[in-house]
Amino acid sequence: MSTPLLTATGISHSFDTDLFSNVDFSLLPSQSAVIVGRSGSGKSTLLHIFSTFIEPNSGMVDLFSKDLYSQKDEAIEALRRYEIGIIFQSHYLFKGMSALENVEVATMLSGTKIEDALLEKLEIKTVMDQKIGELSGGQQQRVSVARVLSKKPRIIFADEPTGNLDKETAELVMDVLLDYIKETGAGLLLVTHDEAMAARCDKRYKLEDKVLKEVL
Ligand SMILES: Nc1ncnc2c1ncn2[C@@H]1O[C@H](COP(=O)(O)OP(=O)(O)OP(=O)(O)O)[C@@H](O)[C@H]1O
Ligand SMILES: [Mg+2]
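What follows is the structure in C-alpha cells.
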C-alpha cells in the first residue's frame, strides 16, 4: 500500500457556528475523491483546510508526510508554488492578460513547460492568444484548469471545476483531470454538485450534519 499524499485526522472547524467536527480523510497517489453536500455545509472550507489556506481549530493535516500547519511560511509558500494545484470555485485569472500569459504566470513560477497536448485536450489551444475578458465563462474555466495542471502538481484540489460547463465540456475537463492523476500519480480531491462527475471518482464523501461520511 502506498503512502497517502494527504491524511487529515480529527479536523474540526467553526466560523460563527460549528461547521464540522472530527473529520478524517486520506488520499492516495493516483486516487480521486469527491466531497458532496448542501451549499453552506463547509465543503470549500474543508478544501481550504487541506490545501494550506485555513488552519483548522483542531485536528491535524499531514501533507506529503509532514505536519502542514507546523511548517514555516516559506515552506508553505513552496508547497503552494510547486506541489499543490488549486482550482478555485471562482477562478482568479488576470483579466487584462491573454489566456497564454495567464498559464505562463504559473509555469514561470514553477519552472515547468506548457504542453500543447493539454491545451488541445481542453479545446482551448486556438483561444490562447485572446484576452481573458474575450473568452466565455467555460473557456475561462478551462484556462484555469490548464494553468493548474501546467504546474505539474502532486495533488489537485478542485472546487466545482465544471460548474459553468455543459455536460459534454464537463466530461472533457473530468477526463483531463483523471488522465492527469493516472499518468503522474498525483491525487485529486474534487468538490461538486454534479452527480455524474462524483460517480467517476474512486471515493465519495458527503458532508452532512457536521460530519464527513463515506458514501458508496
Ligand atoms: N472566512 C469566513 N468567515 C466566516 N464565515 C465563513 C468564512 N468562510 C465560510 N464561512 C461560512 O461557512 C459556511 C460554509 O461555507 P463554505 O464556503 O465552506 O460552504 P460550501 O459547502 O462550500 O458551500 P457551496 O456549495 O455554496 O460552495 C457558510 O455559512 C459560510 O458563510
Ligand atoms: Mg463552496
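Counting in this note's numbering, the sequence shown runs from -13 upward without gaps.
Glycine included, each C-beta is placed from N, C-alpha and C at the ideal position.
Here the structure is a predicted model, which is why all the values come from computation and not from measurement.
Taking the alpha-carbon of residue i as reference, which of the options has the nearest alpha-carbon?
i: F(-4); options: A184, T38, P42; result: First, the amino acid is wrong: residue -4 is Gly here, not Phe. For G(-4), the nearest C-alpha among the options comes from P42.
i: T178; options: S25, I141, K81, E146; result: E146
i: P139; options: E157, L95, E120; result: L95
i: T93; options: K111, Y55, Y78, Y68; result: Y68
i: S(-2); options: S16, S(-12), L14, I40; result: I40
i: L5; options: E194, L202, S(-12); result: E194
i: T112; options: R186, A(-6), S30, A85; result: A85
i: S12; options: T3, A(-6), L108, G23; result: A(-6)
i: L104; options: G97, V131, L79, D115; result: V131
i: S16; options: T170, E200, L121; result: T170
i: R64; options: Q126, K137, R133; result: Per the sequence shown, residue 64 should be read as Ala rather than Arg. Among Q126, K137, R133, the Cα nearest to that of A64 is on K137.
i: Y166; options: I62, L108, A61; result: L108
i: Y78; options: I100, R133, I62, K168; result: R133
Could you please give the first and the last residue of the uninterrupted beta strand (DSSP E) stretch that includes residue i?
i: R190; result: 189 to 194
i: E200; result: 197 to 201
i: L213; result: Here the chain comprises residues numbered -13 to 202, so residue 213 is not present and cannot be evaluated.
i: D4; result: 4 to 13
i: D145; result: 141 to 145
i: L175; result: 173 to 177
i: D48; result: 44 to 49
i: V20; result: 18 to 22
i: T110; result: It should be pointed out that residue 110 corresponds to Ile in this sequence rather than to Thr. It is not in any beta strand (DSSP E) - I110 carries neither H nor E in the DSSP assignment.
Could you please give the first and the last residue of the uninterrupted alpha helix (DSSP H) stretch that includes residue i?
i: D152; result: From DSSP, D152 is part of no alpha helix (DSSP H); its letter is neither H nor E.
i: A185; result: 181 to 185
i: T31; result: 29 to 36
i: G123; result: 123 to 136
i: A85; result: 85 to 96
i: D59; result: 59 to 64
i: E106; result: 102 to 107
When you compare the CB positions of residue i and residue j, do they come within less than 9 Å of one another, or not?
i: I35; j: V20; result: no
i: D152; j: G124; result: yes
i: V91; j: R128; result: no
i: D180; j: T148; result: yes
i: L33; j: V9; result: no
i: L49; j: L(-9); result: yes
i: T(-11); j: S51; result: yes
i: I141; j: A172; result: yes
i: L121; j: S18; result: no
i: R190; j: V201; result: yes
i: K196; j: S7; result: yes
i: E154; j: A182; result: no
What separation, rounded to the nearest whole angstrom, lies between the Cα atoms of residue i and residue j?
i: I70; j: E106; result: 23 Å
i: I118; j: L198; result: 37 Å
i: A144; j: S25; result: 16 Å
i: L163; j: L174; result: 8 Å
i: F1; j: D53; result: 23 Å
i: S37; j: I72; result: 8 Å
i: D59; j: R66; result: 11 Å
i: F80; j: N88; result: 6 Å
i: S30; j: G23; result: 10 Å
i: N150; j: Q116; result: 20 Å
i: I100; j: I62; result: 24 Å
Answer yes or no: does any C-beta atom of chain D fall closer than 9 Å to that of residue i?
i: E60; result: No chain D is present in this structure, which holds just one protein chain.
Next on the checklist: Closer than 5 Å between the C-beta and any heavy atom of ligand 1: which residues qualify, listed along the chain?
Outcome noted: F1, S25, G26, S27, G28, K29, S30, T31
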